[in-house]
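These protein sequence lines map, in sequence, to chains U and W.
Heads up, the first sequence is in the numbering used here, so the first residue is 944 and it goes up one at a time.
Heads up, the second sequence is in the numbering used here, so the first residue is 27 and it goes up one at a time.
A virtual CB, placed ideally from N, CA and C, is assigned to each residue, including glycine.
A quick write-up on the structure given underneath.
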Amino acid sequence: MSRLELNPNFTDPDAFYAALTETHRERSEEQIERINARLILLLANHVGDQAVLEEALTIAGRAEERPAQATAR
Amino acid sequence: MPNTYKNPVYPYRRPPELDSGEVRHCPVVIVGAGPSGLAAAIDLARQGIESVVLDDNNTVSVGSRALCFAKRTLEVVDRLGCVEPMLEKGVTWQHGRVFFQEREVYDFNLLPEEGHRIPAFINLQQYYFEEYLVNRIHEFPAHIDLRWEQKVVEVDAQPDRTAITVSTRDGDYRLTCDYLLVADGANSKIRDMLGLESRGQVFQDRFLIADVVMKADFPTERWFWFDPPFHPNQSVLLHKEPDNVWRIDFQLGWDADPEEEKKEENIRPRVQAMLGEEVEFELEWASVYTFRCRKMDSFIHHGVVFMGDAAHQVSPFGARGANGALQGVDNLVWKLARVLKGQAPAALLATYDDERQHGAAENILNSTRATDFITPKSRVSRLFRDVTLELAEHYPFARSLVNSGRLSMPCRYDGSPLNGADVEGAPRELRPGSPAKDAPVRLSGEAAWLLNQFGDRFALLLDGRMDEASAAPLAAELDALLARQPDLDAVIIGPAPDALTALPRSRVVEDSEGLVGSRYGLTPGGGYLLRPDQHVAARWHAVTAAGVDEALARALGTHLAANATTTQGGRHVSA
């Protein structure tokens, strides 16, 4: 069974982060929310595998409940 | 009131018990002559079991109500012998459109698989569905005693027998029965009388159904709007019914006043805005409803068995109410008949609860998901819903997330205690617990359908395209098998050697288009055991009589009988 990739997997991490920041630049919070929602749906479909998606959802949700532990990773 | 349909009025007849003063004992009494109760009576009659059906009204459904009847339901009704008038009257559609705000975001074509007798589903008003079942009931006068305007007012459920008091315009009388089948609807009075509950979620929303007759032509398609300009922030569904009637379903929101919304002067502008100013229509029927998704913890309480909405209730999205109900009846009746005839332990009946709890949970899950998509519960859910619809206009992937109700698919009884042997490499969709798939065949040179060869009894589907030498020993085994298993018939895929075609209680069909072989993954000597409800019990690459004996015993719950007493006791305590 495939697992969520938690080791670095970006071809260019800095470029991705810059592009993400750029996409959010000078947009209203409402627009940013919509962009983020679209991004989640686009990427989720690309991942596809329900088990992997649930793993990501679990980690994302858990980080909110226990911020200290999650950021220590 | 509808102009396109006139409800039949079925006559009240004075029950003989009022004059005899005797308390008649019946094997089965059914409460409620809706889809479940009517179908159960017919199915029982086919099994040779007599029943009394009691209904407190004197007609079929008032208003169109259940509308989409799915393939599996119609296959069950076909087994009951009355699907023809439904297929003839019903509207078949396969094209749909989804709209978001001002725009059409995509359209779809369901393109059903070829080579099935029954379409993916039909739209048919519930009153027609019930009327055709009542007509069929009249063909079983010796087995079905259908009594109109008879209301059950008292129930005393004991472990070995149930007593009821029935109220009529001429007075009250009593009946006792081995089994009381309860199909008196979502607000089941019998359930209340027994202090039992159906538990789940109430949705904080109201919907208006308006059935309208169009003067002009309109395409036979299903249209679903999210947040349309003519009804902002809500959803609207347009669906075709027979008789040129259109079902329009308006989401109203929780604050709507049902009495106000039901008034014609309030409905007309809404419908007019949706159809356009130039479209002429007449209002047939309107109803405002809320809905729940809920079920009972156990559908069996002593000898009282709950069916349909009385047992489990879903939201209307995905058409799983009446469809789920008919699958429940299909599951229950063959078991009940064999328990009543002493051919199976009482534990077999308890598997109705196992298998249909699974079915009900699946239906509730699916209809709840659709409801949550249509009516987002938070600002963020709404945001995701809306961007999903926007993406759906341009990207096919997002269309798979749009959920305005999923087509009711037949339930598979995965993990059922009745499931027997499975084999490697056979099609997954026909694994034990699955409903059999249809395919075109030839029977005595005539075109026929595979599913019509199964039902009411157990059937061994055998690929008999073997050579004489390997068929001979198998035929000898199967001959002895059929002699000791009177509840089993054989359906042999031919051409087969004489040794197999000469078997008793067997028929040979030809796989005219090769679809039986491919759908079932059959090879010569391989086969399936099918239950009386056409679900797969077991399957083999090489059929043996011993294997069929074992699977039959298992499908009849023989292995469950040993601990049946404690299981039953436990159920009753928890109920």
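Three-state class that DSSP yields for residue i in the structure shown
i      : result
F410/W : helix
Y546/W : helix
F959/U : helix
D182/W : strand
E983/U : Residue identity differs from the one stated: residue 983/U is Ile in this sequence, not Glu. In this structure, I983/U counts as helix in the three-state DSSP scheme.
M492/W : coil
D133/W : strand
Y554/W : strand
T612/W : The displayed coordinates of chain W run from 27 to 601. Any statement about residue 612/W would go beyond what the structure contains.
N213/W : coil
D253/W : coil
G226/W : strand
W311/W : strand
I68/W  : helix
K361/W : helix
R533/W : strand
K177/W : strand
G573/W : helix
Burial state of residue i, where buried means 16 or more other Cβ atoms lie within 10 Å
i       : result
A157/W  : According to the sequence displayed, residue 157/W carries Glu and not Ala. By the 10 Å Cβ count, E157/W comes out buried.
Q151/W  : buried
A1015/U : Because A1015/U carries a pLDDT of 44, less than 50, the predicted location of this residue cannot be relied on, and the following value inherits that uncertainty. Classification of A1015/U: exposed, given that the 10 Å Cβ count is below 16.
G354/W  : buried
P436/W  : buried
V49/W   : exposed
L963/U  : exposed
E310/W  : buried
H420/W  : exposed
Q560/W  : buried
Q339/W  : buried
A59/W   : buried
P245/W  : exposed
F399/W  : buried
R454/W  : exposed
T397/W  : buried
Alpha-carbon to alpha-carbon, residue j and residue i
i       : j      : result
R981/U  : N988/U : 11 Å
E972/U  : G451/W : 53 Å
L366/W  : P443/W : 20 Å
L1000/U : E503/W : 56 Å
L582/W  : V35/W  : 41 Å
R273/W  : Y378/W : 34 Å
S224/W  : P255/W : 38 Å
P951/U  : A958/U : 14 Å
F7/W    : H257/W : The shown model of chain W, from 27 to 601, leaves out residue 7/W, and the question about it has no answer.
E416/W  : D283/W : 32 Å
D537/W  : S426/W : 35 Å
D493/W  : Y439/W : 35 Å
K241/W  : E308/W : 8 Å
L508/W  : E576/W : 14 Å
S407/W  : L234/W : 24 Å
E165/W  : E76/W  : 13 Å
N445/W  : L476/W : 22 Å
D243/W  : A528/W : 56 Å
V449/W  : N83/W  : 50 Å
L136/W  : Q120/W : 5 Å
T549/W  : L555/W : 15 Å
P53/W   : R483/W : 20 Å
L352/W  : F480/W : 17 Å
Under 7 Å by beta carbon: chain W residues contacting residue i
i      : result
R981/U : V413, L417
E948/U : Those within 7 Å of E948/U in chain W number zero; the least Cβ separation is about 21 Å.
Proximal residues of chain U, C-beta to C-beta of residue i below 7 Å
i      : result
F423/W : N988
Listed by chain order, chain U residues near residue i by CB distance under 9 Å
i      : result
F410/W : A980, I983, L984
Neighbour list for residue i in chain W, Cβ cutoff strictly below 8 Å
i      : result
E997/U : Within 8 Å Cβ-Cβ: nothing; E997/U doesn't reach chain W, min ~15 Å.
Chain-ordered neighbours of residue i on chain W, where CB pairs are closer than 9 Å
i      : result
R977/U : L409, D412, V413, E416
CB contact check: residue i to chain A, cutoff 8 Å
i      : result
Y960/U : Of the chains in the structure shown, none is chain A; the protein chains are U and W.
Is the stretch 484–503 of chain W in contact with the stretch 170–181 of chain W, if contact means three or more CB pairs nearer than 8 Å? no
Would you say the stretch 136–148 of chain W touches the stretch 260–267 of chain W, given that touching needs at least three Cβ pairs under 8 Å? no
Evaluate contact between the stretch 315–327 of chain W and the stretch 377–397 of chain W, counting only Cβ atoms and requiring at least three cross-stretch pairs below 8 Å. yes
When the Cβ atoms of the stretch 328–342 of chain W are set against those of the stretch 293–312 of chain W, are three or more pairs found closer than 8 Å? no
Three-pair Cβ contact test at 8 Å for the stretch 523–540 of chain W versus the stretch 452–466 of chain W: yes
Determine contact between the stretch 185–193 of chain W and the stretch 126–136 of chain W, defined as no fewer than three beta-carbon pairs at a distance below 8 Å. no
Cβ pair count under 8 Å reaching 3, the stretch 358–375 of chain W against the stretch 109–120 of chain W: no
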